[in-house]
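Asks:
Protein chains in written order, with this note's numbering: chain G, 8 to 607; chain D, 9 to 353.
As C-alpha cells, this is what we get:
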C-alpha cells in the first residue's frame, strides 16, 4: 500500500519539475505502421544498438533480463519481471515469437544486420497485437543511404567464427540492402563446475542469416518496400554443465514483408503484407518433434492530419506439428482507432483496439499516453493469448484457457541537468491476471491453468553523461533497476508473495565509450542481483558481475574504412549462471575485423 | 583526469573478483536414516539427496555439503550396498559412488538414462534406459567398483528384484509403452523368461510367503484423453503372471508391510493398501497439506511409511511420514522435486 501511495505521489509531483521539452526521436520510421510516427512511447524507446560484438549489450538496458541456456543454447528476453512470451520481438511490426512456445531465441539474431533496434519498455499490444504485453524489441536495420560494401569477420577463442557481408546500393529512387551472415560456432568454452575449471566439448551451431530489402519511390506520393529474411540453423544443444545429451535443433525461417505507403495533403495510407513460414525441429532421446508454422498478416492504416488513425489487420496463423493431434489454426481481425490531441507542450494519445480472435472478441485494448513536456504518463490495458502449446499440447493442453490480462501504469521523467547530463527515471506498476502457469495434475501430467495473479512494480534510472571538458569524445551510461515481481495468488501456498523466478530484484550497469583519435574503447560492467529459481524462493543463483571491454582502432585508407577490435569478455573470470546448471563462459577473447568501402 | 576515471572503473572490475571458500572437512559417518532422491528443477536444476534421521532433516542436500559439488541433473534414485552409496543421475547419464561419509569415490559416465538399483550379494545391478527406442541396459557393478557385466534388455528397465541368482526386471513405459517383465540369469546374463502383464510394470515386492508381486502403472492415452488403469500381478515360479486387481493409472512404488500383511503403493494423489486375495483397495488417510505423492517407501521394522510431496516441482518439497500403528504423521523439508525414497536401518 505504501508503494502504491509513493507511486501516486510520484506521478503527481513529476510534472512540477521544470524541464525542457524534447524533440521526438527521428529514427522510428519502420517501427510500426499502425502507430503514428510520433508514437509517444518512441521518445522513451531505448535504442538497443545490437551491432556490437556481443548480445550482452541488451543487458545494459535497465529492467531487461536475458535467460540463456549457457552460451550456446536458447536465449530469451524478459522485461520488468514479465515472462519471455510477453516480450515481443518485432519484424516489420509483427511479432516473430514462436507460435508454439511464444518465445523467440535471440541468440540467432543477425546482430550485425539489425544495427538500429529499438526496445519498447511499455506494453505495445494495442499496436502490435499479441505477445507485446511486456514491451517489444523492434528489429531494425538502418541503411547507410549510399553505395557501399561492408565485410567483417569475427573470431572468438571459444572457436566461434562469424562472417558478415553487407551491400548497400542506391540508384535513382531505388535503395537496397543485402546482408549475409554466416556462423560456424563450436562454443568450446571454459567454465567452473564444483570449483574446478573445465573445458566443454564442442557444440556446433552453424547456419546463416540472409536479409534483403528494397525501397522505391514511385512518383511524389507513393513508396513501396520489400523485405526478406531467411534463417537456416542447425545446432547441438548442450545439457547441464555442457554434457552431451544428444539434443539437436533445426530452425528454418522465411520472413517477408511488402509495404506500400501513400500520402497526399493531410492523408496518409499505409498497407502491409507480411508472411512468415517457419520450421522448428527438435530431437533428443525419446523426442522427435517437428513443427511447421505460418503466419499471414495484412494490414492497412489510414492517418488523417496526424490526429486520427484507423487501422485494420487480418492475421492467420497455422501450426502443423507431429506432436499435435491435428493441424491448428488461429484467425484474427485486429482493429485499432487512435486519437491524438495536441497540447501546448505535449500530446495526449488514446488508442482503443478491439480484437476478434477465432470469432471471439478479446478483452478490449486501451492505451492512454499523456506526454507533457518531458514527463510522460502511460496507462495500458493489454492481453496476451495462450500459446498453441498451452492450448493443444497433447498431454495436458488446455483449450479452455483464458487470455492473460494486464493493467499497466507507468510514469517517466527526463531530466536534462545540462547538455552533457541526462537522467531518465521510470516508475511502473503492472498487474497481470489469469497468468498462465503449468501445474502438475493427476495422471502424472502437467496442464496450463489461468492460475496466478502477478504484480510487478519497480523503478528504473538511467544516467547518461557526455563530458564536454574532456579532450576526446566519451560517453558514460549508468543504469539501475529495481524489479519487485511477486505472485499474489492465494492458492499458491509457499509461493505466494515471493519473487518470480529469474527476475533479479536489483540490476545495475555501467558503460563507458571513448574515442581517442583513431582508437576507441568500450567497457561494460553489469551487476545482476540474486535471482531465485524456485517459486518459493528456496533456492537462488548468486549475484553475478558481468564484465567486458573492447579496444579498437579505425584506419581510413582512401575510400576504405577499416576497424580492428579486440574484446575481452569476463576478464575477472567470474563464475555465474543465467540459468542454473548452465555456467557462462570464463574469460574469452574476440577479434573483429571490418572493412567498409564507400565509393565516391 | 581522464586516466583516473579509467583507473577507477578498472579498479571496480577487479574488486569484484572473489574466491570461493574452501569447505570445512566433515567426517560424519552417514550410517542410517531415510534418504530421498530429489530430482531437482526440470530441466535446469541440479538434484540433491536429503538425509532424514532421528525425526529431523539432517541435510536437504547431503552430497553438496560433503563434496562441495552438485550431483547433476535429475537425481533418479539412491541405494546403499556393501559399504557404498550409489546415486543414479538420469539426465547426466551417470552413477555416483560414495563412501560411508558420502564423499565421492567414483563416477560412472555415459551409462544412458540411469534409473534404479538392486543388490546382488555385494554387487549392485543398475538399470538404465536407452535413448529413444534404443535398448536399455543392466550394469553389474562389482565390489571393486568396476562394471563387470552389461546386459542389454529389450525395453526400458525400471525397478528390479533379485531372487537368488536371477533378476526380475520391469520393462516399463520408458519413452514408449511396454508391458513386459523379464527374468534373467545373472551369472550367464541370459534371458530366462518374458512375461506379459498390464502396461507399465514398474516395481516389485515379495510377501512373507515369498510370493513375488509386480505392479503396473497403466498409461495415459493422450490422443483420446483416456486414463488406462494398471494392475497388480503375482508372478508364479514358472514366470506366468496372474492379475489380482486393477489399480489406478500412475500407481507405483510397491512395497510389502509384514506387520499388516498388506501391499502398499501410491498413485499421484492417494496411497493404497491391498491384502492378497481381496477385491478392493483401501485408501490411506493422508495429512491434510499433502498436494501430491511422488515417492514412497516403508520402514518395515518401525512400521513407518514415508512419502514425498513434490508440490509444484519448482519449490522446496516435503517428505511426510505416517506411523501406521499410531497414525501419527510428521513432515520433513526436502529439496526440489523429492522422488524415490531409500531407507537404511
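By construction, the Cβ of each residue, glycine as well, lies at the ideal position given by its N, Cα and C atoms.
In this text, all values refer to a predicted model and were calculated from it rather than measured experimentally.
#1: Could you name the residues of the region 308 to 330 of chain D whose beta carbon sits closer than 8 Å to any beta carbon of chain G, in the order they occur along the chain?
#2: Please identify, using Cβ separations under 7 Å, the residues of the region 71 to 91 of chain D that lie next to chain G, in order along the chain.
#3: Which bits of chain D does residue 246 of chain G rub up against, with CB to CB less than 7 Å?
#4: Going along the chain, which residues of its own chain have a beta-carbon closer than 6 Å to the beta-carbon of residue 76 of chain G, five neighbours each way excluded?
#5: For residue 300 of chain D, go through chain G and note every residue whose CB falls closer than 8 Å to its CB, in chain order.
#6: At the 8 Å Cβ level, is residue 202 of chain G part of the contact set with chain D, yes or no?
#7: Return no unless some Cβ of chain D is closer than 8 Å to the Cβ of residue 567 of chain G.
#8: Quick one: give me the first and last residue of the beta strand (DSSP E) that residue 173 of chain D is part of.
#9: Can you tell me which of G/337, G/324 and G/318 puts its alpha carbon nearest to the alpha carbon of residue 344 of chain G?
#10: Which value, in whole angstroms, describes the spacing of the CA atoms of residue 154 of chain D and residue 36 of chain D?
#11: Would you call the region 136 to 156 of chain G and the region 85 to 97 of chain G touching, i.e. three or more CB-CB distances under 8 Å?
#12: Below 8 Å between beta carbons: does that hold for residue 177 of chain D and residue 146 of chain D?
#13: Taking one C-beta from the region 258 to 277 of chain G and one from the region 219 to 233 of chain G each time, how about it: are there three or more such pairs within less than 8 Å?
#14: Terminal residues of the continuous beta strand (DSSP E) containing residue 484 of chain G?
#15: Any beta carbon of chain G sitting closer than 8 Å to that of residue 139 of chain D?
#16: Looking at the ligand NAP, does it come within less than 7 Å of residue 66 of chain G, judged from the CB to the closest heavy atom?
#17: State yes or no: is the C-beta of residue 243 of chain D within less than 8 Å of the C-beta of residue 204 of chain D?
#18: Check distances from the C-beta atoms of the region 196 to 214 of chain D to those of chain G and list, in chain order, the residues that come in under 9 Å.
#19: Is the separation between the beta-carbon of residue 479 of chain G and that of residue 425 of chain G shorter than 8 Å?
#20: Note down the Cα distance separating residue 126 of chain G from residue 66 of chain G, rounded to an integer number of angstroms.
#21: Can you tell me whether DSSP reads residue 339 of chain D as helix, strand or coil?
#22: For residue 180 of chain G, count neighbouring C-beta atoms within 10 Å of its own C-beta (all shown protein chains included) and say buried if the count is 16 or more, exposed if not.
#23: Is any beta-carbon of chain D found at less than 8 Å from that of residue 574 of chain G?
#24: For residue 61 of chain D, write down the residues that DSSP places opposite it in a beta bridge.
#25: Just grab the DSSP bridge partners of residue 594 of chain G for me.
#26: Just the C-alpha distance for residue 7 of chain G and residue 187 of chain D, rounded to the nearest angstrom, thanks.
#27: Can you tell me whether residue 516 of chain G is helix, strand or coil according to DSSP?
#28: Identify which residue in G/99, G/117, G/105 and G/129 has its Cα closest to the Cα of residue 437 of chain G.
#29: Look at the alpha carbon of residue 342 of chain G and the alpha carbon of residue 340 of chain D, and state the distance between them as a whole number of angstroms.
#30: Quick check on the DSSP output: the alpha helix (DSSP H) that includes residue 396 of chain G runs from which residue to which?
#31: Going by alpha carbons, who is nearest to residue 489 of chain G out of G/516, G/474, G/473 and G/483?
#32: Chain D beta carbons: is any one of them nearer than 8 Å to that of residue 111 of chain G?
#33: Which of the three DSSP states, helix, strand or coil, is assigned to residue 73 of chain D?
#34: Does chain D have any CB closer than 8 Å to the CB of residue 560 of chain G?
#35: List the residues of chain G that residue 53 of chain D touches, going by C-beta distances under 9 Å, in chain order.
#36: Relative to the C-alpha of residue 577 of chain G, which candidate in G/546, G/156 and G/164 has its C-alpha closest?
Replies: Answer, in terms of the structure:
#1: 318, 319, 320, 321, 322, 323 and 324
#2: 76, 77, 78, 80 and 81
#3: Within the first chain, numbered from 1, the residue matching residue 246 of chain G stands at position 239. By Cβ distance, chain D contributes 81 and 99.
#4: The residue labelled residue 76 of chain G in the question sits at position 69 within the first chain. The answer, listed in chain order, is 586 and 589.
#5: By 1-based counting over the second chain, the position of residue 300 of chain D is 292. The contacting residues are 447.
#6: As a working note, residue 202 of chain G is residue 195 in the first chain. So yes, residue 202 of chain G belongs to the interface.
#7: For this step, residue 567 of chain G is matched to residue 560 along the first chain. Judged by the 8 Å Cβ criterion, residue 567 of chain G is not in contact with chain D.
#8: To locate residue 173 of chain D, count along the second chain from 1; it is residue 165. Careful: residue 173 of chain D lies outside any beta strand (DSSP E) and carries neither H nor E.
#9: As a first step, residue 344 of chain G is located in the first chain; it is residue number 337 there, counting from the start. Of the candidates G/337, G/324 and G/318, the one whose C-alpha sits nearest the C-alpha of residue 344 of chain G is G/318.
#10: The residue you call residue 154 of chain D lines up with position 146 of the second chain. The residue you call residue 36 of chain D lines up with position 28 of the second chain. Residue 154 of chain D and residue 36 of chain D: Cα-Cα distance of roughly 26 Å.
#11: yes
#12: In the second chain, counting from the first residue as 1, residue 177 of chain D sits at position 169. In the second chain, counting from the first residue as 1, residue 146 of chain D sits at position 138. Against a cut-off of 8 Å, the Cβ pair of residue 146 of chain D and residue 177 of chain D comes out as a contact.
#13: yes
#14: Looking up residue 484 of chain G in the first chain gives position 477. Residue 484 of chain G -> beta strand (DSSP E) spans 480 to 494.
#15: The count along the second chain starts at 1 and reaches residue 139 of chain D at position 131. Yes, its Cβ sits closer than 8 Å to a Cβ of chain G.
#16: Of the ligands one can find in the structure shown there are none, so the ligand NAP has no counterpart to examine.
#17: Numbered from 1 along the second chain, position 235 holds the residue referred to as residue 243 of chain D. Numbered from 1 along the second chain, position 196 holds the residue referred to as residue 204 of chain D. Going by C-beta atoms, residue 243 of chain D is not nearer than 8 Å to residue 204 of chain D.
#18: none
#19: Taking the first chain and counting its residues from 1, the one referred to as residue 479 of chain G is at position 472. Taking the first chain and counting its residues from 1, the one referred to as residue 425 of chain G is at position 418. Their beta carbons are not under 8 Å apart, which means residue 479 of chain G does not touch residue 425 of chain G by this criterion.
#20: Stepping through the first chain from its first residue, residue 126 of chain G is reached at position 119. Stepping through the first chain from its first residue, residue 66 of chain G is reached at position 59. When rounded, the distance between both Cα atoms is 12 Å.
#21: By 1-based counting over the second chain, the position of residue 339 of chain D is 331. Correct three-state label for residue 339 of chain D: strand.
#22: In the first chain, the residue the question calls residue 180 of chain G occupies position 173. Classification of residue 180 of chain G: exposed, given that the 10 Å Cβ count is below 16.
#23: Mapped onto the first chain, residue 574 of chain G falls at position 567. It does not: the Cβ of residue 574 of chain G has no partner Cβ on chain D nearer than 8 Å.
#24: Start at 1 with the first residue of the second chain, and residue 61 of chain D comes out as number 53. Beta-bridge pairing links residue 61 of chain D to D/64.
#25: Taking the first chain and counting its residues from 1, one reaches residue 594 of chain G at position 587. DSSP, once it has assigned bridges, lists no residue as partnering residue 594 of chain G.
#26: With chain G covering 8 to 607 only, the question about residue 7 of chain G has no answer from this structure.
#27: Working through the first chain from its first residue, we reach residue 516 of chain G at position 509. The answer is strand: DSSP assigns residue 516 of chain G an E or B state.
#28: In the first chain, the residue the question calls residue 437 of chain G occupies position 430. Ranking G/99, G/117, G/105 and G/129 by Cα distance to residue 437 of chain G puts G/129 first.
#29: Taking the first residue of the first chain as position 1, residue 342 of chain G is located at position 335. Taking the first residue of the second chain as position 1, residue 340 of chain D is located at position 332. Spanning the two alpha carbons is a distance of roughly 55 Å.
#30: Taking the first residue of the first chain as 1, we reach residue 396 of chain G at position 389. Where residue 396 of chain G is concerned, the enclosing alpha helix (DSSP H) stretches over 395 to 399.
#31: In the first chain, residue 489 of chain G corresponds to position 482, counting from 1. The residue with the shortest Cα to Cα distance from residue 489 of chain G is G/516.
#32: Taking the first residue of the first chain as position 1, residue 111 of chain G is located at position 104. No, its Cβ sits nowhere closer than 8 Å to a Cβ of chain D.
#33: Looking up residue 73 of chain D in the second chain gives position 65. Residue state, collapsed to three classes: helix.
#34: By one-based count along the first chain, residue 560 of chain G stands at place 553. Chain D contact via Cβ: absent.
#35: Position 45 of the second chain, counting from 1, holds the residue named residue 53 of chain D. Near residue 53 of chain D (Cβ distances below 9 Å), the residues of chain G are 247, 540, 541, 546, 587 and 588.
#36: Here residue 577 of chain G refers to the residue found at position 570 when the first chain is read from its first residue. Of G/546, G/156 and G/164, the residue nearest in Cα terms is G/164.
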